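One structure is given here, and the rest of the page talks about it.
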Amino acid sequence: MIIDGKQAAADLRVALANEVKALKESKGITPSLTVVLVGEDPASQVYVRNKAKQTMEVGMISNEIKMPADTSQTALLSQLALLNNDASIHGILVQLPLPKHIDESVVISAINPEKDVDGFHAMNSGRLLNGEAGALVPCTPQGCIILAKQHLGDDLSGQHAVVIGRSNIVGKPVALLLLQENCTVTIAHSRTKNLPEVCQQADILVAAVGRANFVQASWVKKGATVIDVGINRIEADSSEGKGSAKAKLVGDVDFDAVSEVCGAITPVPGGVGPMTIACLLKNTLEAAKLYG
Ligand code: NAD
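Position one of the sequence shown corresponds to residue 83 (this note's numbering), numbered consecutively onward.
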């Protein structure tokens, strides 16, 4: 079975639009998201445009602040202070990566944790670690859990989940969320020995590595649920003929071969990717409800 992330994200956006409408009617609050983009990275510009479009589609207010690539760290921090103190703004997202002269960790720490809809502030990671209420949880990991539940149902208790990758953005938070769901969790990473054997244990296998087609069919237990977070741009197969795109996106999992073995798998594109923005909107609504 292919887990359709595009459809799941569309369904989530419909549910969010209804909740936004209800919040407006009951409390007079319209959730509002401000995205700050420093520099002109083309991929970031596309992400920011998509975020703005989808934010407005669910009835939220979308603001974009564009700052030049040579913006100083001090100027960016001053801008964030203004946004932190603006009660009409519920969510602040600084588009990453930032230009090299700016320290990302300083910038993330400067966002009011109550408006940190990316969920990267240490206060939010700490709350997630402690299982405390009020955490704004990183978006891609939330999307992974929703997609795993599409196939397995709401109860993931006792499943052995193996997460490949230990980044603060994906690997660690997705492992914590799986633990909260009562899974037995193994985190594998670049120093893990016998990775194929570790992966073979997985009922749920989450790949967040950043290496095209890395996970092989022989690593996957029959019937496992495979969540592929990777987004890797590779050269398109020349056999696709003239006029075919020069590059294509693939995941961290060798999709065709693994599909033959696993019980369910998220495709790339069309799996975890679309869930990320939908979960960003979910966090913005959550921030408006909790702290608005
Ligand atoms: P990262 O580079 O920060 O982390 C990669 C992790 O993979 C590291 O923890 C490392 O230990 C592990 N790793 C590297 N080589 C390995 C190996 N040979 N064996 C085992 N583990 C290995 O990347 P990230 O930010 O966590 O992103 C991972 C992937 O997910 C990337 O392809 C990224 O583009 C994608 N991503 C997708 C979304 C989305 O919306 N779908 C969001 C964020 C990231």
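Virtual Cβ for every residue (Gly too), placed ideally from N, Cα, C.
The structure presented is a predicted model; accordingly, all values stated were derived computationally and were not measured.
Close-in-space but distant-in-sequence residues of the same chain around G352 (CB under 6 Å, 5 per side omitted): Correct list, in chain order: G87 and K88.
For A294 and S341, the rounded distance between their alpha carbons: Their Cα atoms are separated by approximately 16 Å.
Neighbour-count burial assignment, N206, 16 or more Cβ in a 10 Å radius: By the neighbour-count rule (16 or more Cβ atoms within 10 Å), N206 is buried.
Run of the alpha helix (DSSP H) containing S207, from where it starts to where it stops: A204 to N212 is the extent of the alpha helix (DSSP H) around S207.
Simplified DSSP assignment, three categories, for N145: Taken through DSSP and simplified to helix, strand or coil, N145 comes out as strand.
Where the beta strand (DSSP E) through E317 begins and ends: First-last of the beta strand (DSSP E) with E317: N314 to E317.
Given 8 Å, three or more beta-carbon pairs between the segment 216 to 226 and the segment 247 to 265: Yes, since at least three Cβ pairs between the segment 216 to 226 and the segment 247 to 265 fall closer than 8 Å, the two stretches touch.
Identity of the residue in V189, K328 and K197 nearest D168 by Cα: Distances from the alpha-carbon of D168 to those of V189, K328 and K197 put K197 closest.
For A169, the three-state DSSP class (helix, strand or coil): In the three-state reduction of the DSSP assignment, A169 falls in the coil class.
A90: CB within 7 Å of a non-hydrogen atom of the ligand NAD: Every heavy atom of the ligand NAD is 7 Å or more from the Cβ of A90, so no.
Counted within 10 angstroms of its Cβ, other Cβ atoms place H275 as buried (16 or more) or exposed: The displayed chain sequence assigns Lys, not His, to residue 275. When all chains shown are included, K275 counts as exposed.
C-beta contact flag for A243 and D285 at 8 Å: A contact, by the Cβ cut-off of 8 Å.
At least three beta-carbon pairs within less than 8 Å, the segment 129 to 144 to the segment 92 to 99: With a cut-off of 8 Å, the segment 92 to 99 and the segment 129 to 144 count as touching, because enough Cβ pairs lie within range.
Residues bridged to I347 (per DSSP): The bridge partners DSSP lists for I347 are I84 and V308.
6 Å CB neighbourhood of V267 in its chain, flanking five on each side removed: So the qualifying residues of the chain are A243, A257, L260 and L261.
Distance, S170 Cα to M316 Cα: The question names Met, but residue 316 is Ile in the sequence shown. Taking the straight line from one Cα to the other gives about 42 Å.
Beta-carbon proximity of V350 to A299, cut-off 8 Å: No, Cβ-Cβ distance for V350 and A299 is not below 8 Å.
For I174, the nearest candidate out of T156, H183, L119 and T307 (CA to CA): The candidate whose alpha carbon is nearest that of I174 is L119.
Endpoints, the beta strand (DSSP E) within which I286 is located: From DSSP, the beta strand (DSSP E) with I286 extends over I286 to A289.
Identity of the residues DSSP links to T112 by a beta bridge: Beta-bridge pairing by DSSP links T112 to no other residue.
N-terminal and C-terminal residue of the beta strand (DSSP E) that A215 is part of: It is not in any beta strand (DSSP E) - A215 carries neither H nor E in the DSSP assignment.
H233 - DSSP class collapsed to helix/strand/coil: In the three-state reduction of the DSSP assignment, H233 falls in the helix class, which pools H, G and I.
Limits of the alpha helix (DSSP H) - the one that L258 falls within: Segment G253 to Q262, the alpha helix (DSSP H) holding L258.
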